[in-house]
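Report on the structure given below.
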Amino acid sequence: MSEDPVQNGAGAPDIPLDRPMMYHWSVVLENSLYSAFILFFIFVLPLITTENPDTRLFLLLPAVYIGSVAVAAVMLFWRWRRTTVTFREKDILIVRDTIFKRDQRIPYSKIASINVNRGLINRIIGTSKLMFNINSSVNAIVPEATVTLKADLADKVRHELSRKIYGSNLDANTEDNVIPSVVNISNKDIVLHALLSQPTAAALIGVFFLGISTMEAYFITTGGGTNITLIIALFMFVSSTIIPMLVQLFHYYNYKIYRIKDTVYIKCGMIRLYNTSFKVNKINAVRIKSPLLARMMGKYFLEAEVVGLGASEGGNSNETSPLICPLKDRKTIDAVMSQVIPEFVYDRHPVKQPGAAANTIYTRAAIWSSVTIAALFISIYEAVELDFISSNLAIVLYVLSASLTAVFFTHGAFSRRIVEMDTGEKHFSFLWGVVDRVITTVAYDKVQIVRIKDGPLTRPYGLAKCRVKLLTAVGGAPVVSGYFMTEDLEVIPETVLARIEDGSYDYRAYL
Amino acid sequence: MASDEFAIGKDGLTKDGYRALEKRARTSMYLRNLIVLAISLAAYAVFTSYYGEIGLDAIFFWPVTASMILLVIYLLVAPAIYYARYRYRIGEDRIDVRRGVIFISHEIVPVERIHQLEVSRGPIDNLFGLADVTITTAGGLASIQYLEKSVAEDIADSLNAYVNKIVKERS
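Line by line, the protein sequences give chains A and B.
Each residue of the first sequence is one higher than the one before, starting from 990 at the first, in the numbering used here.
Each residue of the second sequence is one higher than the one before, starting from 253 at the first, in the numbering used here.
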């Protein structure tokens, strides 16, 4: 790969090394606008929403608001003037000489990812935000440093730092125009991904509120119904379904992914542009997800959980785990995995939950259905007593509540058949979920703590559940297994320890 | 109460080499639970005195009372079971802790993954000469509770020495 002319391309980096630079002035504008927005809610909104406010407040509060925004802008300007960033031979030095002094050094060797984020203001003014993340458990969500520079300078800096950190010699033009994406993703695919990648529960909630708003709209036209119910139902529908879909659409539009040496690059975005890059050795786990509707169409998507990928800056918090491949058929997903993250491909021989797990699963289903039905029956009874609902409606609700038993047991039956685990040489994986399914593949070398837990419903059958904590990452959560024999689950910590003992685990591979 | 898995031999270890807590750890657990019990009973007394006045229907009385009875039983019974089932082992390569009352968890932390150790003592621990060891890894925290103070410090010292050795080797 090192002989690839693209990677060894010319174009000597042209950034001022060892010279303190100020951030671009647009950072003052952007932060001032943000302050103005926050202060608006504090000073102006209460005035607007108060009925018959004192007229003096109409003069006083806007004046206080404008004054506060001006003070914030002056402070931000002062902070901008007294903050510098220096790209040095071995680290980045950020110095802030204000009331809160800061002298931050980020060694290149510790940087896990460099991301470029261009919001609307950045694109209008022609700037980019460079976000540096290190492999830190404390600061997994927020980038260690965010530096705003002119777009061409930011590209040069990223180019130079990528060369230092990843050994890549790509400039922005090569990235955009020369290197092809590993997988051909059209914007039609992204639209489909936005529509079908939502969890089924969220989609059902959306359908429920859409139904309520449609009914309410109909009642309003026939003389009944209320505007407030319609507005609330529409708001819930939009916030639970439409907004997450639009967020996905805007975020992953023009999606492109490629790998050079040990670094994965992802470029996407419709309004805000995202350039994400991270080393493959920073990936804790990969997940193949398939929500129900997508799976019915034979579609899956692939995500990675990456250490040191701070993502909350610039409204990027929706991307808790970088998307390696949007919804595609399983063959394409497997092909992308083989090309982008072959380190996580292994010959799986999964085992289903043992027969004894059925006892646990059905006993749990019986307990949960009893508790749920008891709570619902009491609520319905009380609602009838208080005349909130009619007796006829109560009968329907009683029957619906009782039918939940079937739902619990059906869920249990599917779960017994679907959930599986697999222990390989370097990785293990759990398949989890009945409606929306996830296959999580984890590298043993990333495991930090393993907890194997049994209870009164599992202990008699020698079963347990396993919870594995990995290196802290944005969007990372403990990986949890189904019900398996305790000795099968104990293979996981034993393999982790054996790999440390026999030297298969080499910490240097993950630096 | 404890099965073979938790039975302690003459050498003070289980057949798998796990250690048990000192008996005063159990007394400490009882004292903690008695404090929680006193606070819970006070809250329950306030509830029974005023639930009618603050407009709560009688339907709330029985679920709250049943929950209170279960809580009282748990707080009184749990320390004995927790103590009987609490086992820990500091191996060369791992820290193993087994504990639980209804659910029993077996927590395994590879020593290689430890970043930091902390010995902490609250007022009740001080009363009984106990301490907790909190183990920080890059993926979260684990702890060994109710240890004798000197044992906790010895564990922390030996693990700290190991962590420092690793850091030195790698720097």
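Backbone N, C-alpha and C define an ideal beta-carbon position, used for all residues, glycine too.
Check, Outcome
"How would you call A/Arg1316, buried or exposed, if buried means at least 16 neighbouring beta carbons within 10 angstroms?", "One detail in the question is off: residue 1316 of chain A reads as Leu in this sequence, not Arg. Classification of A/Leu1316: buried, given that the 10 Å Cβ count is 16 or more."
"Assign A/Asp1086 to one of three DSSP states: helix, strand, or coil.", "coil"
"Which same chain residues end up closer than 8 Å to B/Ser280 when comparing Cβ atoms and leaving out the 5 residues on each side of it in sequence?", "Ile376, Asp377, Leu379, Phe380, Leu382 and Tyr398"
"By the 10 Å Cβ neighbour count, where 16 or more other Cβ atoms means buried, how is A/Ser1379 classified, buried or exposed?", "exposed"
"What residue range does the beta strand (DSSP E) around A/Ile1441 cover?", "Val1436 to Asp1443"
"Output the distance between the C-alpha atoms of A/Ala1501 and A/Ser1229, rounded to the nearest integer angstrom.", "Residue 1501 of chain A lies beyond the range of chain A shown here (990 to 1500); nothing can be said about it."
"Can you tell me whether DSSP reads B/Gly392 as helix, strand or coil?", "strand"
"Would A/Gly1000 be called buried (16 or more neighbouring beta carbons within 10 Å of its own) or exposed?", "With a pLDDT of only 41 at A/Gly1000, under 50, the local geometry of the prediction cannot be trusted, and the value read off the model is given with reservation. So A/Gly1000 ends up on the exposed side."
"Can you pull the chain A residues whose beta carbon is under 7 Å from the beta carbon of B/Pro362, in chain order?", "Val1485, Leu1486 and Ile1489"
"So the beta strand (DSSP E) B/Asp406 belongs to, where does it begin and stop?", "Segment Lys401 to Arg422 is the alpha helix (DSSP H) holding B/Asp406; no beta strand (DSSP E) there."
"Is there a Cβ of chain B sitting closer than 9 Å to that of A/Tyr1387, yes or no?", "no"
"Along chain A, which residues have their Cβ under 7 Å away from the Cβ of B/Asp268?", "The contacting residues do not exist; B/Asp268 stays about 12 Å from chain A at best."
"Within its chain, find whatever has a CB closer than 7 Å to the CB of A/Gln1237; leave out the 5 residues flanking it on each side and keep chain order.", "His1182, Ala1183 and Ser1186"
"Considering A/Glu1371, what are the terminal residues of the alpha helix (DSSP H) in which it resides?", "Ala1346 to Glu1374"
"Is the beta carbon of B/Val415 less than 9 Å from the beta carbon of B/Gln368?", "yes"
"Given that a residue counts as buried once 16 or more other Cβ atoms are within 10 Å of its Cβ, and exposed if not, what is A/Asp1007?", "exposed"
"Can you determine whether any heavy atom of the ligand SAM sits closer than 8 Å to the C-beta of B/Ile321, and answer yes or no?", "The ligand SAM is absent from the structure shown, which contains no ligand whatsoever."
"Tell me which same chain residues have a C-beta within less than 7 Å of the C-beta of A/Lys1139, skipping the five on either side of it?", "His1013, Gly1115 and Thr1116"
"Taking just the CA atoms, how far does A/Cys1257 sit from A/Thr1412?", "35 Å"
"Could you give the distance in angstroms between the alpha-carbon of A/Cys1455 and the alpha-carbon of A/Glu1479?", "9 Å"
"Does B/Phe355 get closer than 9 Å to chain A when you measure Cβ to Cβ?", "yes"
"Of all Cβ atoms in chain B, is any one closer than 9 Å to the Cβ of A/Glu1302?", "In this predicted model, A/Glu1302 has a pLDDT of only 44, less than 50, meaning its place in the structure is not dependable; the value taken from the coordinates is given anyway. No - not a single Cβ of chain B is within 9 Å of the one on A/Glu1302."
"For a quick check, are the C-beta atoms of B/Arg346 and B/Tyr270 less than 9 Å apart?", "no"
"Straight-line CA distance for B/Asn412 to A/Glu1490?", "19 Å"
"Between A/Tyr1091 and chain B, is any beta-carbon pair separated by less than 9 Å?", "Sequence inspection shows Arg at residue 1091 of chain A; the Tyr mentioned does not correspond to that position. Chain B contact via Cβ: absent."
"Counting only Cβ pairs nearer than 9 Å, list the residues of chain B close to A/Tyr1496.", "Glu364, Ile418 and Arg422"
"Once you ignore the five residues that flank A/Ser1279 on each side, which residues in its own chain have a CB closer than 6 Å to its CB?", "Tyr1289 and Arg1426"
"May I ask you to list the residues that DSSP assigns as paired with B/Gln368?", "B/Thr388"
"9 Å is my cut-off, CB to CB: does A/Asp1443 come that close to chain B?", "yes"
"Using a Cβ cut-off of 7 Å, pull out every chain B residue sitting near A/Leu1460, in sequence order please.", "Ala390 and Gly391"
"To the nearest angstrom, report how far apart B/Ala390 and B/Glu364 are at their CA atoms.", "11 Å"
"Nearest to A/Tyr1244 by CA position, among A/Asn1273, A/Pro1169 and A/Thr1252, is which residue?", "A/Pro1169"
"Can you check which of these residues, A/Leu1046, A/Ala1432, A/Ile1441 and A/Leu1119, is closest to A/Tyr1335 by C-alpha distance?", "A/Ala1432"
"Just to confirm my understanding: we take A/Asp1318, look at its own chain, exclude 5 residues before and 5 after, and list those with CB closer than 8 Å. What are they?", "Gly1287, Lys1288 and Tyr1289"
"For a contact defined as C-beta to C-beta under 7 Å, what are the partners of B/Ala394 on chain A?", "Ile1438"
"For B/Ala336, would you say it is in contact with chain A, using Cβ-to-Cβ distances shorter than 9 Å as the test?", "no"
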